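Residues in the sequence shown are numbered from 0 upward in steps of one, following numbering that gives the first Met the number 0.
By construction, the Cβ of each residue, glycine as well, lies at the ideal position given by its N, Cα and C atoms.
Since the model is a prediction, treat every value here as computed from it, not as a measurement.
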Amino acid sequence: MKVEVVTPEDYMGDVIGDLNSRRGQITGTENRGVVTAVNAMVPLANMFGYVNGLRSMSQGRAQYSMVFDHYEEVPQAEGTMQYRVSAGDWSSGSETRRSWRCGAVGWIMSVLLLFPASNAYAQTGPDYWQVTGVAANDHLNVRNGPSAQHPIVTTAPNGFRFRNLGCRGSGNSRWCHVETPNGQISGWVAGRYLREPGAPVAAQEQRQDVPELHMRNSGEIEVRFRSGCTTLYNPAGRRVAAGSSCSRQQLGHAHDAVESYMRENSPSLTHGADRISANVNLSGQGTFYGGDTVKGSIVGHREGAYALIVQAGGGSPLCTGLIKHVPGSVASEAVSVHCTDGAHGTAVLARNRSGHGLTMAFTLSDRSGGYVLFQ
Numbered sequence: 000m001k002v003e004v005v006t007p008e009d010y011m012g013d014v015i016g017d018l019n020s021r022r023g024q025i026t027g028t029e030n031r032g033v034v035t036a037v038n039a040m041v042p043l044a045n046m047f048g049y050v051n052g053l054r055s056m057s058q059g060r061a062q063y064s065m066v067f068d069h070y071e072e073v074p075q076a077e078g079t080m081q082y083r084v085s086a087g088d089w090s091s092g093s094e095t096r097r098s099w100r101c102g103a104v105g106w107i108m109s110v111l112l113l114f115p116a117s118n119a120y121a122q123t124g125p126d127y128w129q130v131t132g133v134a135a136n137d138h139l140n141v142r143n144g145p146s147a148q149h150p151i152v153t154t155a156p157n158g159f160r161f162r163n164l165g166c167r168g169s170g171n172s173r174w175c176h177v178e179t180p181n182g183q184i185s186g187w188v189a190g191r192y193l194r195e196p197g198a199p200v201a202a203q204e205q206r207q208d209v210p211e212l213h214m215r216n217s218g219e220i221e222v223r224f225r226s227g228c229t230t231l232y233n234p235a236g237r238r239v240a241a242g243s244s245c246s247r248q249q250l251g252h253a254h255d256a257v258e259s260y261m262r263e264n265s266p267s268l269t270h271g272a273d274r275i276s277a278n279v280n281l282s283g284q285g286t287f288y289g290g291d292t293v294k295g296s297i298v299g300h301r302e303g304a305y306a307l308i309v310q311a312g313g314g315s316p317l318c319t320g321l322i323k324h325v326p327g328s329v330a331s332e333a334v335s336v337h338c339t340d341g342a343h344g345t346a347v348l349a350r351n352r353s354g355h356g357l358t359m360a361f362t363l364s365d366r367s368g369g370y371v372l373f374q
């Protein structure tokens, strides 16, 4: 049986509480201007005397109507027991804990359930957190999981405010699940950099335009802002394009976010203003197809001008090429090479799957070739 309760604008009673106390199930509310309709489902067996009893226990004026819509079963005390739950057991969402039977669905009396305070995802603390204690000219990393091993999704400066979605752990190992005020970005941050503020006002939310990083398959980094500003960085962390709507402050925030990402995910590269002009001096050894040894080196001092030198163990032939990207900043790069004996060909420089070192394989027009390992 469907029960609809319509309350006038000045109604002061507790209809929802009365419905729930009578084993009814609230299915929703509907705003009808000056009145609010509360819909609920109750067992057909409880129809007799239900309306009068509800009216007598509620304060204020209200209209009640019953519509025989359809019968919907409400849990009763009698029924087949699928399994027994011991005191202390708990479960959340689709996770399985201890003696819970996987896939079992049923009903349990709510008065016997208690949401445990030890639940790692329980919300604790205030509704909002404010970033504090981050070093000057640095930002707090927001990650997609509760540890420093998870990738960075964005960064936030001192003073930025997040919604609190719950914390886990304690002390220096405490991590908090947070969300930007506009709800577009969420992640995990180290709890030691958070303190309780007042709730942000709408004007503050407008000012808090957080950069969001997106990695392309090419290795390029796209930085987006909620206001529409978008910037593009090459795999070495150098800005190559920026939208006309981007302000100087947004460009600064984008630069800091990319710097932080590069620092966390490419520790072998130097950072800051001197990254693009840093010296590169790599050397490696390998083999010519056929057994002869070969040596290789990559030297340079700025992006787009890294020289590749490949030389046989005996000193001849000598082959050279020009590498455009910082070695290791892209997954692979093809380079044209030319040799002193007239041969020419292609060399491919690629990151090793292990994440350590580089491998260069080359083939020449005289059907020779080989590889060099840079460690």
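From the DSSP output, in three-state form, read off residue i for me.
| i | result |
| --- | --- |
| residue 268 | Note that residue 268 scores 46 on pLDDT, short of 50, meaning its location in the model is unreliable and no value can be drawn from it. |
| residue 352 | coil |
| residue 363 | strand |
| residue 158 | coil |
| residue 283 | strand |
| residue 346 | strand |
| residue 370 | strand |
| residue 257 | helix |
| residue 9 | Only weak support exists for where residue 9 lies, its pLDDT of 49 falling under 50; the value from the coordinates is given anyway. Residue 9 falls in the coil class under three-state DSSP. |
| residue 92 | Unreliable positioning characterises residue 92 in this predicted model, as indicated by a pLDDT of 40, which lies under 50. A coordinate reading is not provided. |
Using only alpha-carbon positions, find the residue among the options that is nearest to residue i.
| i | options | result |
| --- | --- | --- |
| residue 309 | 292, 135, 299 | 292 |
| residue 216 | 329, 290, 366, 333 | 329 |
| residue 327 | 337, 358, 237 | 358 |
| residue 186 | 145, 173, 157 | 145 |
| residue 127 | 175, 226, 170 | 175 |
| residue 172 | 179, 188, 335, 331 | 188 |
| residue 319 | 331, 332, 297 | 297 |
| residue 352 | 331, 162, 285, 169 | 331 |
| residue 212 | 152, 160, 132 | 152 |
| residue 316 | 134, 369, 257 | 369 |
| residue 375 | 149, 125, 195, 147 | In the structure as shown, the chain starts at 0 and stops at 374, and residue 375 therefore has no counterpart that could be examined. |
| residue 257 | 346, 135, 220, 228 | 220 |
| residue 348 | 234, 361, 150, 304 | 361 |
| residue 367 | 356, 355, 28, 340 | 340 |
| residue 324 | 233, 287, 253, 338 | 233 |
Sort out for me which residues DSSP pairs residue i with in a bridge.
| i | result |
| --- | --- |
| residue 250 | DSSP lists no partner for residue 250. |
| residue 293 | 285, 311 |
Residue j and residue i - do their beta-carbons sit closer together than 8 angstroms?
| i | j | result |
| --- | --- | --- |
| residue 261 | residue 236 | yes |
| residue 164 | residue 178 | yes |
| residue 289 | residue 373 | no |
| residue 222 | residue 155 | no |
| residue 143 | residue 263 | no |
| residue 158 | residue 183 | no |
| residue 225 | residue 181 | yes |
| residue 371 | residue 251 | no |
| residue 336 | residue 322 | no |
| residue 246 | residue 138 | no |
| residue 230 | residue 218 | no |
| residue 312 | residue 306 | no |
| residue 365 | residue 342 | yes |
Sequence ranges, beta strand (DSSP E) only - wholly within the stretch 163-245, length at least 3: 174-178, 185-189, 211-214, 220-223, 229-232, 238-241
query: Considering only residues of the stretch 296-339, which uninterrupted beta strand (DSSP E) runs meet the minimum length of 3 residues and lie entirely inside it, listed in chain order?
result: 305-311, 317-322, 331-338
field: Complete beta strand (DSSP E) runs within the stretch 128-153 (minimum length 3 residues, chain order)
entry: 139-142
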